[in-house]
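Sequential numbering of the sequence shown, starting at 2, is according to my numbering.
Backbone N, C-alpha and C define an ideal beta-carbon position, used for all residues, glycine too.
Just so it is clear, the structure is predicted and the values come from calculations on it, not from any experiment.
Encoded as structure tokens, the structure appears first; notes follow it.
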Amino acid sequence: MSCTAAGMKVTPAVTPRKTTRGHTGRVEGVAHLPSGQHIITCSNDGSLRLRDLERDAQIGNEWQDDRDEVAVRTMRLSLGRLLPAEARTE
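Right under this line is the structure:
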């Protein structure tokens, strides 16, 4: 997508290749797993989701805390374990 502002053409630095569905809130972070075939996304809807890029499908159920709605802003991977790094209540 590009737009013209004051005669200048502005083009985003990243061009989306694929759109995935599932989160009900804005996606805040994406981690690519070492295999290159899977990603984990975190969202302000409070969930983490594992996706298979080849099949364009979610793997298993999303992880979500049973408490009040909490946004997951960032995450870290450590020795194959997913660690939510920042969570906030809205």
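Name the two residues that bound the continuous beta strand (DSSP E) containing His-39.
Within the sequence shown, residue 39 is the residue found at index 38, counting from 1. Counting along the chain, the beta strand (DSSP E) containing His-39 begins and ends at 39-44.
Does the ligand MN have even one heavy atom less than 8 Å from the beta-carbon of Arg-27?
No copy of the ligand MN appears in this structure; indeed no ligand is present at all.
Taking the alpha carbon of Ala-72 as the reference point, which residue from Glu-55, Leu-51, Thr-42, Arg-56 has its own alpha carbon closest?
Numbered from its first residue, the sequence shown carries residue 72 at position 71. The option with the nearest alpha carbon to Ala-72 is Thr-42.
Excluding the 5 residues preceding and the 5 following Gly-33 in the sequence, name in chain order all residues of the same chain whose CB lies nearer than 7 Å to its CB.
By 1-based counting over the sequence shown, the position of residue 33 is 32. Per the sequence shown, the amino acid found at residue 33 is His instead of Gly. Cβ within range, chain order: Ile-40.
So for His-33, helix, strand or coil by DSSP?
Residue mapping note: residue 33 aligns to position 32 of the sequence shown, counting from 1. Correct three-state label for His-33: strand.
Where does Ala-58 fall in DSSP's three states?
Numbered from its first residue, the sequence shown carries residue 58 at position 57. If DSSP states are grouped into helix, strand and coil, Ala-58 belongs with the strands.
Could you tell me which residues DSSP puts in a beta bridge with Val-15?
The sequence position of residue 15 within the sequence shown is 14, counting from 1. None; Val-15 has no bridge partner.
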